[in-house]
Amino acid sequence: MASIPSVSFASPCRQAAERRPTFAGPALRGFRFEAPKFSSRMVVRCVAAASYAPPTVSETKLNFLKSYKRPIPSIYNSVLQELLVQQHLMRYKRTYQYDAVFALGFVTVYEQLMDGYPNSEDRDAIFQAYIQALKEDPEQYRYLTIPIYLLPLL
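Residue numbers are given in the working numbering: position 66 of the sequence shown equals residue 63, and the series is strictly consecutive.
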């Protein structure tokens, strides 16, 4: 087991009069250490930022299972669960934005995966539950990704 050396707060205060350091950056989020120009004291400012706590993967899976209560054959379920985890991680990344190209790719993969599913109504219900578990709009995924040349056929 690694030991952690103790930290003394007296030594940085003594050195502050000599060096006057300012430490701020991405590694010290929310904290800024400053030494005033004419004082030997060190000032610590804590800044509270608005934090967003996205749902956990297990909460997303639970939302899916609450929305679609019927059993899914294991050959489909295992792949669906893996896709759900991957899409959850992308969906709740801070830089996420809906992308029609990604949605088209997802819908295409989903349709190919579920092509042999016994019941088409269940296939649509699973899709609805899947997208709603990610707190997104199934209609946006389904209908905004239809290629333009297919719209007259609908």
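All residues carry an ideal CB built from backbone N, CA and C; glycine is no exception.
These figures come from a predicted structure and were not determined experimentally.
- Under the three-state reduction of DSSP output, residue 94 falls in the coil class, being neither helix nor strand.
- Residue state for residue 53 is assigned as coil, using DSSP reduced to three classes.
- Under the 10 Å beta carbon count, residue 50 is surrounded by fewer than 16 other beta carbons and is classified as exposed.
- Of 66, 134, 91 and 48, the smallest CA-CA separation from residue 119 is found for 66.
- When DSSP states are grouped into helix, strand and coil, residue 68 belongs to the coil group.
- DSSP, reduced to helix, strand and coil, places residue 77 within a helical segment of the structure shown.
- Look at residue 116 here: in three-state DSSP terms it is coil, with no helix or strand label.
- In the three-state reduction of the DSSP assignment, residue 89 falls in the coil class.
- A residue is called buried once 16 or more other Cβ atoms fall within 10 Å of its Cβ, and residue 72, having fewer, is exposed.
- For a cut-off of 8 Å, the C-beta gap from residue 127 to residue 81 is around 6 Å, short enough to register as a contact.
- Just so you know, the alpha carbons of residue 95 and residue 112 end up roughly 25 Å apart.
- DSSP places residue 133 in no alpha helix (DSSP H); its state is neither H nor E.
- Counting only residues of its own chain and dropping the five nearest sequence neighbours on each side, residue 79 has no CB closer than 7 Å to any other CB.
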